[in-house]
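Sequence order for the protein chains is A and B. Letter by letter, the first sequence follows residues 579 to 815 of the working numbering. Letter by letter, the second sequence follows residues 63 to 339 of the working numbering. Following: one structure in structure tokens, then a few remarks.
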Amino acid sequence: MSSVMKQPVLSIKKLSKSFTLHNQGEVSFTVFDNLDFKVYPGECLVLHGESGMGKSTLLRCFYANYQTDSGSMIFSPDDESYDIARISDRLMNMLRREKIAYVSQFLRVIPRVPALSIVMQPMLDIGHEYKVAKQKASHILKRLNIPEKLWQLSPTTFSGGEQQRINIARAFVVRWPLMLLDEPTASLDAENREIVLQLIEEAKSVNTAIIGIFHDKESRDRVADRVFDLATGTMKR
Amino acid sequence: MNQAALKDNIGNEANKPVAITEGPILQVRNLNRLYGHNKGCQDVSLEVYPGEVLGIVGESGSGKSTLIRCIAGLEKADSGEILYQPAQQAMMNLNESRETEIRQLMRKEWGIVHQNPRDGLKLDISAGANIGERLMSQGDRHYGNIRAKAMDWMQRVELDIERIDDKPKTYSGGMQQRLQIARNLVTEPRLLFMDEPTGGLDVSVQAKLLDLLRKLVRELNVAVIIVTHDMGVARLLADRLMVMYQSRVIETGLTDRILDDPQAPYTQLLVSSILQV
């Protein structure tokens, strides 16, 4: 990858995050402090560090799901730039609909909504017709080996692996400037893990920037362009 | 790769900047309504945009119902400004508007869903007439039209149209609440106020009603201010939350941010009190 010509999609400066537990004796702890790095279109940056180092916390900050203490997160998906650390809630909601996807380890959905509708929603949100959304959603569900008889059921009753694949389908059904992936392959078998890795490679090839956490070394080595080490706060390669 | 080629590659769905064209539909500035020390609401400012769902959460007595009642014109504020952007005219300052203007607005562009359906329905006239009344107040006089619309809305809120001529007092609590929602939405309001809309209902009835509300709010693209003490309801319906405590707003933010990373001591307490199922 030649990062020379490209502008970063996300530029992190002096980013810090702590938690204060007001109702548990005002205990306060710092998760990370003064982080700096940039992420470029078409690359996959992997966050590395022991469990508890704050990898997931950092990813959640990029989605404004967690609030940072200080520093900036300049997101430049197009001609506009936004500082996710200071953005209005309304604008962040729009970025979530159109620009940034987040795949958590756990599926969090509205109960009673069928799997197919869940996967179609991101397409409908950006203005695609129902028919097109259904077509693309069906295609990706098939690709991820979700049996068709499950499509009209709510995924709340699905197995862990099936739920994760619904989560992945929902994110990869649309093309995004930035995707945040928190252990997307964790509870998948080898065959489905391979499909997810292919989806990641395809997204990279159309210039999606990806920031990910990968538990297994094999997946990490396969998709990572660079690795950021949270223990030292430096780029490893 | 140069910048132009890069842009092409990102593809049309990701390439255009996010569009923020519309201004807020409602702006509240420094609203005060106190009826005792820290009782009521004070120093509240907020904005609501078209199609957005704002949740106001907090324990009972925190002032959230007083706040929504003041904004909706059911109670008079001691001080503060309320600005509303109507569909076809210039921004209105509701403090300076005449009573008749506000009443007209409430009929035309606003809806209010009360916790107790008895406060929002006329129990002694038929269900169909309850829905039709809102249309008639807007000048619809064609009986056939009104009845057809009433039937359509009964179906949309999943009420049996066979019961269109029955009086709401013969309906169950959940059915009454559906009818109240139909009565409010039939005129396609731009701003909807809801005060604990699922408050008095059984859990299973509540779940179905929430599904329905979620669907309708999305379909109609109506702006909503919803007051609830139930964080589950807030999570399901609201885009953003305002947390109230002892008459003041202590925290605002995206719904999932408030629930996953609450900042204020009281918000942390509130969130930690949610039962994990």
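We put the beta carbon where it would ideally sit given N, CA and C, even for glycine.
Inter-residue spacing [alpha-carbon to alpha-carbon] between V311 of chain B and A149 of chain B
Rounded to whole angstroms, V311 of chain B to A149 of chain B spans 29 Å at the Cα level.
G627 of chain A to K633 of chain A span [Cα, whole Å]
7 Å
Roughly how many whole angstroms lie between the Cα atoms of Q776 of chain A and D181 of chain B?
Each residue's alpha carbon lies about 57 Å from the other.
Short of 7 Å in beta carbon distance, which residues of its chain neighbour G190 of chain B, apart from the five on each side in sequence? Order them along the chain.
Closer than 7 Å at the Cβ level, and outside the excluded window around G190 of chain B, lie R209, A212, I226 and D227.
Pick helix, strand or coil for G294 of chain B, following the three-state DSSP scheme.
helix
Do we get a CB-CB distance below 7 Å when we pair N745 of chain A with the residues of chain B?
no
Run through DSSP, which three-state label would E313 of chain B get?
strand
Under the rule that 16 or more other beta-carbon atoms within 10 Å means buried, what is T15 of chain B, buried or exposed?
Chain B is shown from 63 up to 339; residue 15 of chain B falls before or after that span and cannot be answered.
Could you pull out every residue in the same chain whose Cβ sits closer than 6 Å to the Cβ of E75 of chain B, ignoring the five residues on either side in sequence?
Note on E75 of chain B: pLDDT 47, under 50, position unreliable in the model; the coordinate value appears next. Closer than 6 Å at Cβ, skipping near neighbours: no residue.
Between the CA atoms of T810 of chain A and R638 of chain A - distance to the nearest angstrom
Distance between the alpha carbons of R638 of chain A and T810 of chain A: 20 Å.
DSSP on A76 of chain B, reduced to helix/strand/coil?
Residue confidence for A76 of chain B is low, a pLDDT of 46 falling below 50, so the modelled location carries little weight; the figure read from the coordinates is stated next. In the structure shown, A76 of chain B sits in a helix (DSSP, three-state: H, G or I).
Decide if S770 of chain A is buried, meaning its Cβ has at least 16 other Cβ atoms within 10 Å, or exposed.
One point to set straight first is that residue 770 of chain A is Asn, not Ser, in the sequence displayed. It is buried - the Cβ of N770 of chain A has at least 16 other Cβ atoms within 10 Å.
Rounded C-alpha distance that separates I223 of chain B from W215 of chain B:
9 Å
Just the C-alpha distance for E121 of chain B and V617 of chain A, rounded to the nearest angstrom, thanks.
43 Å
Go ahead and pull the three-state DSSP assignment for A809 of chain A.
coil
Q325 of chain B touches chain A at which residues, Cβ-Cβ below 7 Å?
Against chain A, a Cβ distance below 7 Å from Q325 of chain B picks out Q645.
Extent of the continuous alpha helix (DSSP H) run through W215 of chain B
Y205 to R218
7 Å is my cut-off, CB to CB: does L331 of chain B come that close to chain A?
yes
Going residue by residue through the region 685-761 of chain A, where are the continuous beta strand (DSSP E) segments of at least 3 residues, counting only ones entirely within it?
The region 685-761 of chain A contains these whole beta strand (DSSP E) runs: 756-760.
With DSSP as the reference, identify every bridge partner of G117 of chain B, one or two as the case may be.
B:I288 and B:L303
Give the list of continuous beta strand (DSSP E) stretches no shorter than 3 residues that lie fully inside the region 224-275 of chain B.
253-257
Going by alpha carbons, who is nearest to R280 of chain B out of A:I718, A:I724 and A:Q699?
A:Q699
Collapsed DSSP secondary structure at Y97 of chain B in the structure displayed:
In the structure shown, the three-state DSSP call for Y97 of chain B is strand.
Under 8 Å by beta carbon: chain B residues contacting A642 of chain A:
L316 and R319
The beta strand (DSSP E) with T598 of chain A in it runs from where to where?
L588 to L599
Taking all protein chains shown into account, do 16 or more other C-beta atoms lie within 10 angstroms of the C-beta of D97 of chain B, making it buried, or fewer, making it exposed?
Residue identity check: residue 97 of chain B is Tyr in the sequence provided, not Asp. With fewer than 16 other Cβ atoms within 10 Å, it is exposed.
Relative to the alpha-carbon of K592 of chain A, which residue among A:I678, A:G603, A:T608 and A:N612 has its alpha-carbon at the smallest distance?
A:N612
Going by DSSP, what residues sit across from Q385 of chain B in a beta bridge?
Past the boundaries of the shown model lies residue 385 of chain B; chain B is included only from 63 to 339, so the question cannot be answered.
Confirm, please, whether the CB-CB distance from S334 of chain B to G102 of chain B is below 7 Å.
no
Looking only at its own chain, which residues have a Cβ that is under 6 Å from the Cβ of N246 of chain B, when we skip the five neighbours before and after it?
Correct list, in chain order: G173 and V175.
Does the beta carbon of Y307 of chain B come closer than 7 Å to any beta carbon on chain A?
no
Determine which residues share a DSSP beta bridge with H626 of chain A and list them.
A:D807
Excluding the five sequence neighbours on either side, which residues of its own chain have a C-beta within less than 8 Å of the C-beta of P733 of chain A, listed in chain order?
L685, V687, A693, I696, E740, Q741 and I744
Chain A contact residues for R302 of chain B, given Cβ-Cβ distances below 7 Å:
D667
Where L636 of chain A falls: helix, strand or coil (DSSP):
Residue state for L636 of chain A is assigned as helix, using DSSP reduced to three classes.
Cα-Cα separation between N813 of chain A and E796 of chain A, rounded to whole angstroms
According to the sequence displayed, residue 813 of chain A carries Met and not Asn. C-alpha of M813 of chain A to C-alpha of E796 of chain A: approximately 19 Å in a straight line.
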